[in-house]
Amino acid sequence: MCGIVAYVGSREAYPLILKGLKRLEYRGYDSSGIALLENAKLDIYKKKGKVSDLESELASKHLTATIGIGHTRWATHGEPNDVNAHPHYSNNRRLSIIHNGIIENYASIKQNLVTKGHKFLSDTDTEVLIHFIEDIQQETGGSLESAVKHALKEVVGAYAIVVMSLDHPGQLIAARKGSPLVIGIGEDEFFFASDATPIIEYTKDVVYLDDYEVAVISDGRLSIQNLDNTETIPYIQKLEMELETIEKGGYDHFMIKEIFEQPRSIADSMRGRLRADDAHLQLGGLANYLDKLAEADRIVIVGCGTSWHAGLVAEYLFEELARVNVEVEYASEFRYRNPVINEKDIVIAISQSGETADTLAAIELAKSKGATIFGVCNVVGSSIARATHAGAYTHAGPEIGVASTKAFTAQVTVLTLIAIATAKRKGTISEETYRQLLVELETIPAKVEKVFENANKIKEIAFIFTYARNFIYLGRGLNFPVALEGALKLKEISYIHAEGYPAAEMKHGPIALIDEDMPVVFLATKDGSYEKIVSNIQEVKARKGRVIAIVTEGDTLIPGMVDFVIEVPKVHELLTPLVSVIPLQLLSYYIAVMRGRNVDQPRNLAKSVTVE
Numbered sequence: 001m002c003g004i005v006a007y008v009g010s011r012e013a014y015p016l017i018l019k020g021l022k023r024l025e026y027r028g029y030d031s032s033g034i035a036l037l038e039n040a041k042l043d044i045y046k047k048k049g050k051v052s053d054l055e056s057e058l059a060s061k062h063l064t065a066t067i068g069i070g071h072t073r074w075a076t077h078g079e080p081n082d083v084n085a086h087p088h089y090s091n092n093r094r095l096s097i098i099h100n101g102i103i104e105n106y107a108s109i110k111q112n113l114v115t116k117g118h119k120f121l122s123d124t125d126t127e128v129l130i131h132f133i134e135d136i137q138q139e140t141g142g143s144l145e146s147a148v149k150h151a152l153k154e155v156v157g158a159y160a161i162v163v164m165s166l167d168h169p170g171q172l173i174a175a176r177k178g179s180p181l182v183i184g185i186g187e188d189e190f191f192f193a194s195d196a197t198p199i200i201e202y203t204k205d206v207v208y209l210d211d212y213e214v215a216v217i218s219d220g221r222l223s224i225q226n227l228d229n230t231e232t233i234p235y236i237q238k239l240e241m242e243l244e245t246i247e248k249g250g251y252d253h254f255m256i257k258e259i260f261e262q263p264r265s266i267a268d269s270m271r272g273r274l275r276a277d278d279a280h281l282q283l284g285g286l287a288n289y290l291d292k293l294a295e296a297d298r299i300v301i302v303g304c305g306t307s308w309h310a311g312l313v314a315e316y317l318f319e320e321l322a323r324v325n326v327e328v329e330y331a332s333e334f335r336y337r338n339p340v341i342n343e344k345d346i347v348i349a350i351s352q353s354g355e356t357a358d359t360l361a362a363i364e365l366a367k368s369k370g371a372t373i374f375g376v377c378n379v380v381g382s383s384i385a386r387a388t389h390a391g392a393y394t395h396a397g398p399e400i401g402v403a404s405t406k407a408f409t410a411q412v413t414v415l416t417l418i419a420i421a422t423a424k425r426k427g428t429i430s431e432e433t434y435r436q437l438l439v440e441l442e443t444i445p446a447k448v449e450k451v452f453e454n455a456n457k458i459k460e461i462a463f464i465f466t467y468a469r470n471f472i473y474l475g476r477g478l479n480f481p482v483a484l485e486g487a488l489k490l491k492e493i494s495y496i497h498a499e500g501y502p503a504a505e506m507k508h509g510p511i512a513l514i515d516e517d518m519p520v521v522f523l524a525t526k527d528g529s530y531e532k533i534v535s536n537i538q539e540v541k542a543r544k545g546r547v548i549a550i551v552t553e554g555d556t557l558i559p560g561m562v563d564f565v566i567e568v569p570k571v572h573e574l575l576t577p578l579v580s581v582i583p584l585q586l587l588s589y590y591i592a593v594m595r596g597r598n599v600d601q602p603r604n605l606a607k608s609v610t611v612e
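For the sequence shown, the UniProt record's numbering assigns the number 1 to the initial residue and increments by one for each residue that follows.
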């Protein structure tokens, strides 16, 4: 979950790496640091806090190196402080390292190194790794590259690393297993980063390292080998993203920018796949697997956080439309439960980043059982995209805000397309229903745009509830996962405790919490559960709860019963989550801003969870 950047070439390394760290700060912001090699000196500068704190610390220094490595940290081993910040020196201070991941057996390695006289300054597993590499090199007398490979064969865990050596001033060595690493290739210069955002300003030619691969930049040349010294030919890809997509574009925060981008990101998720006028629906990445989907005995969906909520929406869609049994699993629990998986199962893995460690582990387990694995992710070339048999990109564009917004609606859109395509192939929906859903889907971007007309009203409601310490979100059917997502957004960025429940479950416990100080958000759009939701609202009002209701435009019943109403346009019942979630995202955002929270970088969270 940390962010790493490295550069070697003819440019000034410090400003380039610093800018890259700022772009990666959504991946970790407990501390940051930079190592530079210049004038036969290997110097490390690091600071607890934001990258801006490091920048202030170094403002008076004249740093002119053309090779360096940088890191922004999300703490795993050792508290966030200056000492535990990366980069780290080896024992003789001639090597330095940056690292994303966890070395699980670091304690036993460290104990052995201590007996050899190594002295450690930090509490991190990363410092142990660079000491280990140095120790191997000294004992074997071999090259640094061979020492890195030897060490990586011994360690247990996940890593993306870049190593720099005082003895090899033009060399960078990088490797990955389970954590992302991309190499940018320019004119006689090279860039390393956790994702492409620091690179696109300088080059669009990139290589994504695979697990167990080691990349060496030396004498202006890139070579890639695996840990057994087998050389591979770098596969150079072109980046599709544009620089402006990772800038705020005049918005105060990335989160609000990404909320307002959803009409476009939803449309982009459907672009080239859906044409309602001639009933065209085609998912190129799944074209050869539609029969497998149609014949599946069961679909198992795995994801974490917001992606799990998108999976819950998909459960309703697949069961309703394709009449297939669906189970939705937390990826973080899936492989520890010894799940029953067989060759006729389809597993759909959902991840915005395509790098979620728990989801990747679930994929590997399901593959070992013979299941067919589909991926739904946003980042082209990501680990999940490469680990699955087939899949579909969401094409939502970079999402920088830690709290996912457009990722959710893009995932739900793509999953809806897959469910409709499966049902059509299977023959479980009529031609009329098929055509109607395609027409309705094409209207969604405009209807999401219409929700934004209520932004000022939502802001006024947010001001009223800035004081709140707890929230309850209630919904039925397809709106139940939306209630969960709304509660997650609020607690992620405002630090208000919030819980989502099926509205019918309120009487089985949560109703005890209802009083005049408890805000209750109801997803109360007009659908098959409408009358039941009306009854649930009455039960809350009878106990003096303060109700915010998300209702269908033109509703005349519920507005007379509740304290606050936010309208959304009428949509097909199966597409409700795509519009009903938008007011909840805005409500969370405005409450968090009014409470003075850093909505793009909420405490203790990182965007991409690349460690278990």
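Ideal placement from N, C-alpha and C gives every residue a C-beta, glycine not left out. None of the values given here were measured: they were computed from a predicted structure.
Original post:
So, are the CB atoms of residue 94 and residue 42 less than 8 Å apart?
Top reply: yes
**OP:** Just list the alpha helix (DSSP H) runs in the stretch 11 to 77, keeping only unbroken ones of 4 residues or longer that don't cross its boundaries, in chain order.
**Re:** 13 to 23, 51 to 57
**OP:** In the DSSP assignment, find the unbroken alpha helix (DSSP H) run with residue 269 in it and report its ends.
**Re:** 262 to 270
Subject >> Beta carbon of residue 402 nearer than 8 Å to that of residue 605 >> reply: yes
Original post:
Does the Cβ of residue 487 have 16 or more other Cβ atoms within 10 Å, making it buried, or fewer, making it exposed?
Top reply: buried
**OP:** In the DSSP assignment, find the unbroken alpha helix (DSSP H) run with residue 480 in it and report its ends.
**Re:** 479 to 494
Original post:
Which partner residues of residue 232 appear in the DSSP bridge assignment?
Top reply: 224
Subject >> First and last residue of the uninterrupted beta strand (DSSP E) at residue 325 >> reply: 325 to 330
**OP:** Would you mind listing the alpha helix (DSSP H) stretches within the stretch 70 to 126 that are 4+ residues and don't spill past its ends, in chain order?
**Re:** 106 to 115
Original post:
By the 10 Å Cβ neighbour count, where 16 or more other Cβ atoms means buried, how is residue 106 classified, buried or exposed?
Top reply: buried
Subject >> Whole-angstrom C-beta distance between residue 589 and residue 259, which should lie under 8 Å >> reply: 7 Å
Subject >> residue 83 versus residue 498 - alpha carbon distance >> reply: 36 Å
Subject >> Start and end residues, alpha helix (DSSP H) containing residue 163 >> reply: Careful: residue 163 lies outside any alpha helix (DSSP H), inside the beta strand (DSSP E) at 157 to 165.
Original post:
Assuming residue 351 contacts residue 303 under a Cβ cut-off of 8 Å, what Cβ separation, rounded to an integer in Å, is found between them?
Top reply: 7 Å
**OP:** Check residue 309 in the structure and name its three-state DSSP category.
**Re:** helix
Original post:
Is the beta carbon of residue 600 sitting closer than 8 Å to the one on residue 71?
Top reply: no
Subject >> Own chain, CB closer than 8 Å to residue 359, minus 5 neighbours either side, in chain order >> reply: 302, 303, 304, 307, 331, 349, 350, 351, 384
**OP:** Give the secondary structure of residue 422 by DSSP, where H, G and I count as helix, E and B as strand, and everything else as coil.
**Re:** helix
Original post:
CB-CB under 7 Å to residue 540, same chain, minus the five flanking residues each way: which ones, in chain order?
Top reply: 514, 520, 547
Original post:
So residue 482 and residue 523 are in contact, right, with Cβ under 8 Å, and what is the actual spacing, rounded?
Top reply: 5 Å
Original post:
From 266, 556, 200, pick the residue whose C-alpha is nearest to that of residue 577; which is it?
Top reply: 266
**OP:** Can you grab the Cα-Cα spacing for the pair residue 226 / residue 249, in whole Å?
**Re:** 41 Å
**OP:** For residue 390, write down the residues that DSSP places opposite it in a beta bridge.
**Re:** 374
**OP:** Work out the CA separation of residue 208 and residue 277 for me, nearest whole Å.
**Re:** 39 Å
Subject >> Burial state of residue 288, where buried means 16 or more other Cβ atoms lie within 10 Å >> reply: exposed
Original post:
Is there at least one non-hydrogen atom of the ligand PLP closer than 7 Å to the beta-carbon of residue 384?
Top reply: Among the components of this structure there are no ligands whatsoever, and the ligand PLP is therefore not found.
Original post:
In or out: residue 344 buried (at least 16 other Cβ within 10 Å) or exposed?
Top reply: exposed
Subject >> Beta bridge counterpart(s) of residue 275 as assigned by DSSP >> reply: 280
**OP:** Out of 369, 328, 322, state which residue places its alpha-carbon closest to the alpha-carbon of residue 338.
**Re:** 369
Original post:
Using the rule of at least 16 other Cβ atoms within 10 Å of the residue's Cβ for burial, across every protein chain shown, is residue 61 buried or exposed?
Top reply: exposed
Subject >> Range covered by the beta strand (DSSP E) that runs through residue 218 >> reply: 213 to 218
Original post:
Name the DSSP bridge partner or partners of residue 237?
Top reply: 206
Original post:
When burial is assigned at 16 or more other CB atoms within 10 Å of the CB, is residue 596 buried or exposed?
Top reply: exposed
Original post:
DSSP three-state call for residue 588: helix, strand or coil?
Top reply: helix
Original post:
So residue 568 packs on residue 552, CB below 8 Å; how close in whole Å?
Top reply: 7 Å
Original post:
Do residue 190 and residue 224 come within 8 Å of each other at the CB atom, strictly closer than that value?
Top reply: no
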